Amino acid sequence: NEALVYNVLPLHVAKHFLGRRRLDDELYSKSHECVGVLFAAMPNFSDFYTEESVNNQGLECLRFLNEVISDFDALLEQPRFKDILKIKTIGSSYMAASGLSKEDEPAGASLQDRWGHLAQLTDFALALKDTLNNINRESFNNFVLKMGINHGPITSGVIGARKPHFDIWGNTVNVASRMESTGKAGNIQVVKETADILEAFGFSLEQRGLVSVKGKGMLMTFYLLGRRGSVRTNPLADDDVATALPNGAHHPAGPDPASPS
Numbered sequence: 001n002e003a004l005v006y007n008v009l010p011l012h013v014a015k016h017f018l019g020r021r022r023l024d025d026e027l028y029s030k031s032h033e034c035v036g037v038l039f040a041a042m043p044n045f046s047d048f049y050t051e052e053s054v055n056n057q058g059l060e061c062l063r064f065l066n067e068v069i070s071d072f073d074a075l076l077e078q079p080r081f082k083d084i085l086k087i088k089t090i091g092s093s094y095m096a097a098s099g100l101s102k103e104d105e106p107a108g109a110s111l112q113d114r115w116g117h118l119a120q121l122t123d124f125a126l127a128l129k130d131t132l133n134n135i136n137r138e139s140f141n142n143f144v145l146k147m148g149i150n151h152g153p154i155t156s157g158v159i160g161a162r163k164p165h166f167d168i169w170g171n172t173v174n175v176a177s178r179m180e181s182t183g184k185a186g187n188i189q190v191v192k193e194t195a196d197i198l199e200a201f202g203f204s205l206e207q208r209g210l211v212s213v214k215g216k217g218m219l220m221t222f223y224l225l226g227r228r229g230s231v232r233t234n235p236l237a238d239d240d241v242a243t244a245l246p247n248g249a250h251h252p253a254g255p256d257p258a259s260p261s
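Quick look at the structure:
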């Protein structure tokens with residue numbers, strides 16, 4: 001069923017599976033050099049979820065979670081987020097990636113061409129926070145998001161026969177997950193290399209310090225404050241922002257090294 005394939009797989013992957021030259025036993029996988037990865041979790045949802053008669057044995061909790069996830073999904077219909085793809089949800093955690101449908105840019109390509117989609121993904125993360133805040137106001141709740149973003153090479157592919165599932169793997173994905181898990185509620189955490197690129201795209205960040213990351217040792221991390229000009233807390237001065245290559249970006253001195261929460 002062609003419609004079903006387009007419904008369960010990304011457009012560029014569905015076209016591959018529906019192509020005439022594809023072999024039935026062919027494994028779909030692809031390497032990508034320039035991808036952004038986002039993990040967003042609601043750490044206090046587990047405290048909210050209960051299976052009691054007052055909420056129909058948990059049904060009302062799941063109904064609320066479905067509303068939140070559906071509103072997150074609706075953001076992806078906006079043209080400004082055209083390069084972002086939802087990967088999956090795991091409980092109350094939301095995973096998305098950017099740049100998967102784009103062909104890798106040559107090494108000499110501009111920062112905009114290579115990482116414009118990463119700026120999209122970061123704006124999407126900020127939109128997730130705004131969306132959840134609106135839901136909180138309407139439902140009198142106080143849910144918060146804890147998010148992590150990373151960028152770099154990944155491998156994408158489809159696994160499973162009866163229920164094919166598109167997913168992504170690699171060190172970039174693992175570090176993005178660690179940025180979420182070691183971060184603090186209400187914040188978006190990134191490593192220094194990602195912070196450098198985001199500063200060049202007009203985002204403000206503050207240094208958190210060194211964080212212990214499983215399998216990676218101590219990594220210097222930063223919290224995203226928002227877009228310059230719209231940040232209320234400690235915005236970076238324009239003179240502090242390098243607008244050329246990401247490795248040339250400058251970060252102001254931050255707090256002492258921090259331990260993961």
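Per the UniProt record's numbering, the sequence shown starts with residue 1, numbered consecutively. Beta carbons are placed, not taken as given, at the ideal position from N, Cα and C, and that holds for glycine. The model shown is predicted, which means the values in this text are computed figures rather than measured ones.
**Q.** Per-residue burial, Ala74 [other beta carbons within 10 Å of its own, 16 or more giving buried]
**A.** Within the sequence shown, residue 74 is the residue found at index 74, counting from 1. Counting Cβ neighbours within 10 Å, Ala74 comes out exposed, since fewer than 16 surround it.
(Q) Quick check: what's the CA-CA separation for residue 262 versus Gly229? (A) The chain is shown from 1 up to 261; residue 262 falls before or after that span and cannot be answered.
(Q) If I measure Cβ to Cβ from Asn142 and keep anything under 7 Å in the same chain, skipping five residues before and after, which residues do I get? (A) Here residue 142 refers to the residue found at position 142 when the sequence shown is read from its first residue. Excluding sequence positions up to five before and after Asn142, its CB lies within less than 7 Å of the CB of Asn136, all in the same chain and listed in chain order.
Q. For Arg80, does the count of other Cβ atoms within 10 angstroms reach 16, so buried, or fall short, so exposed?
A. Translated into the one-based positions of the sequence shown, residue 80 becomes position 80. The C-beta of Arg80 has fewer than 16 other C-beta atoms within 10 Å across all chains shown, which makes the residue exposed.
Q) Measuring CA to CA, which of Phe203, Ser204 and Val191 is closest to Met218? A) As a first step, residue 218 is located in the sequence shown; it is residue number 218 there, counting from the start. Among Phe203, Ser204 and Val191, the Cα nearest to that of Met218 is on Val191.
Q: Please go through the same chain and pick out, in chain order, the residues whose beta-carbon is closer than 7 Å to the beta-carbon of Gly36, but skip the five residues on each side of it.
A: Working through the sequence shown from its first residue, we reach residue 36 at position 36. Here the set comprises Ala97, Ser98, Gly99, His117, Leu118, Leu121, Ile149 and His151.
Q) Is DSSP giving Asp167 helix, strand or coil here? A) As a first step, residue 167 is located in the sequence shown; it is residue number 167 there, counting from the start. It is a strand residue.
Q. So what's Pro79 in DSSP terms, helix, strand or just coil?
A. Your numbering for residue 79 matches position 79 in the sequence shown. Pro79 falls in the helix class under three-state DSSP.
(Q) Check this for me: beta carbons of Thr194 and Gly170, under 9 Å apart or not? (A) One-based indexing of the sequence shown puts residue 194 at position 194. One-based indexing of the sequence shown puts residue 170 at position 170. Contact: no.
Q: Indicate the three-state DSSP secondary structure (helix, strand or coil) for Thr182 in the structure shown.
A: What you label residue 182 is simply residue 182 of the sequence shown in a count that begins at 1. In the structure shown, Thr182 sits in coil (DSSP, three-state: anything other than H, G, I, E or B).
Q: With a threshold of 16 other CB atoms inside 10 Å of the CB of Pro43, please say whether the residue is buried or exposed.
A: For the purposes of this step, residue 43 is taken as residue 43 along the sequence shown, with counting starting at 1. The C-beta of Pro43 has 16 or more other C-beta atoms within 10 Å across all chains shown, which makes the residue buried.
Q. What residue from Val68, Pro106 and Asp113 has the CA that sits closest to Ala200's CA?
A. Taking the first residue of the sequence shown as 1, we reach residue 200 at position 200. Here the closest residue by C-alpha is Asp113.
(Q) Check this for me: beta carbons of Tyr94 and Phe140, under 9 Å apart or not? (A) Taking the sequence shown and counting its residues from 1, one reaches residue 94 at position 94. Taking the sequence shown and counting its residues from 1, one reaches residue 140 at position 140. For Tyr94 and Phe140, no; Cβs fall outside 9 Å.
Q: Could you spell out the range, first to last residue, of the beta strand (DSSP E) harbouring residue 262?
A: Look at the range of the chain in this structure, 1 to 261, and you will see that residue 262 is not part of it.
**Q.** Nearest-angstrom beta carbon gap, Ile188 and Ala127 [assumed within contact, 8 Å]
**A.** Along the sequence shown, read from residue 1 onward, the residue named residue 127 stands at position 127. Along the sequence shown, read from residue 1 onward, the residue named residue 188 stands at position 188. The C-beta distance from Ala127 to Ile188 rounds to 12 Å, too long to meet the 8 Å contact threshold.
Q: For residue 274, I'd like the list of residues in its chain whose CB is within less than 7 Å of its CB, leaving aside the five on either flank, ordered along the chain.
A: Look at the range of the chain in this structure, 1 to 261, and you will see that residue 274 is not part of it.
Q: Could you spell out the range, first to last residue, of the alpha helix (DSSP H) harbouring Lys129?
A: For the purposes of this step, residue 129 is taken as residue 129 along the sequence shown, with counting starting at 1. Here the alpha helix (DSSP H) through Lys129 covers Leu111 to Ser139.
Q. Per DSSP, Leu205 is paired with what?
A. The residue you call residue 205 lines up with position 205 of the sequence shown. In the DSSP output, where bridge partners are listed per residue, Leu205 has Leu224.
Q) Do Pro153 and Glu33 have their C-beta atoms within less than 9 Å of each other? A) Position 153 of the sequence shown, counted from the start, is the residue given in the question as residue 153. Position 33 of the sequence shown, counted from the start, is the residue given in the question as residue 33. Yes, the Cβ-Cβ distance between Pro153 and Glu33 is below 9 Å.
Q | 7 Å CB neighbourhood of residue 268 in its chain, flanking five on each side removed | A | Because the chain is modelled from 1 through 261, residue 268 falls outside the range shown and cannot be assessed.
Q.
Given this structure, state the Cα-to-Cα distance separating Pro164 from Ala185, to the nearest angstrom.
A. Within the sequence shown, residue 164 is the residue found at index 164, counting from 1. Within the sequence shown, residue 185 is the residue found at index 185, counting from 1. If I take the Cα positions, the gap works out to 33 Å.
(Q) Among the candidates Asp196, Gly157, Thr172 and Ile168, whose CA atom is the shortest distance from the CA of Gly215? (A) Residue mapping note: residue 215 aligns to position 215 of the sequence shown, counting from 1. Between Gly215 and the set Asp196, Gly157, Thr172 and Ile168, the nearest pair of CA atoms involves Thr172.
Q.
Rounded to the nearest angstrom, what separates Arg178 and Thr131 at their Cα positions?
A. The residue given as residue 178 occupies position 178 in the sequence shown. The residue given as residue 131 occupies position 131 in the sequence shown. Arg178 and Thr131: Cα-Cα distance of roughly 24 Å.
Q) Quick one, are the C-beta atoms of Leu198 and Tyr223 less than 9 Å apart? A) Working through the sequence shown from its first residue, we reach residue 198 at position 198. Working through the sequence shown from its first residue, we reach residue 223 at position 223. With a cutoff of 9 Å on beta-carbon distance, Leu198 and Tyr223 are scored as not near each other.
(Q) Please report the straight-line C-alpha distance between Leu62 and Thr89, rounded to a whole angstrom. (A) As a first step, residue 62 is located in the sequence shown; it is residue number 62 there, counting from the start. As a first step, residue 89 is located in the sequence shown; it is residue number 89 there, counting from the start. Taking the straight line joining both Cα atoms gives about 13 Å.
Q. For Ile159, is the classification buried or exposed, using 16 other Cβ atoms within 10 angstroms of its Cβ as the cut-off for buried?
A. By one-based count along the sequence shown, residue 159 stands at place 159. Its Cβ having fewer than 16 others within 10 Å, Ile159 is exposed.
Q: Let me know if Asp196 comes out buried or exposed under the rule of 16 or more other beta-carbons within 10 Å of its beta-carbon.
A: Translated into positions along the sequence shown, residue 196 becomes position 196. Label assigned to Asp196: buried.
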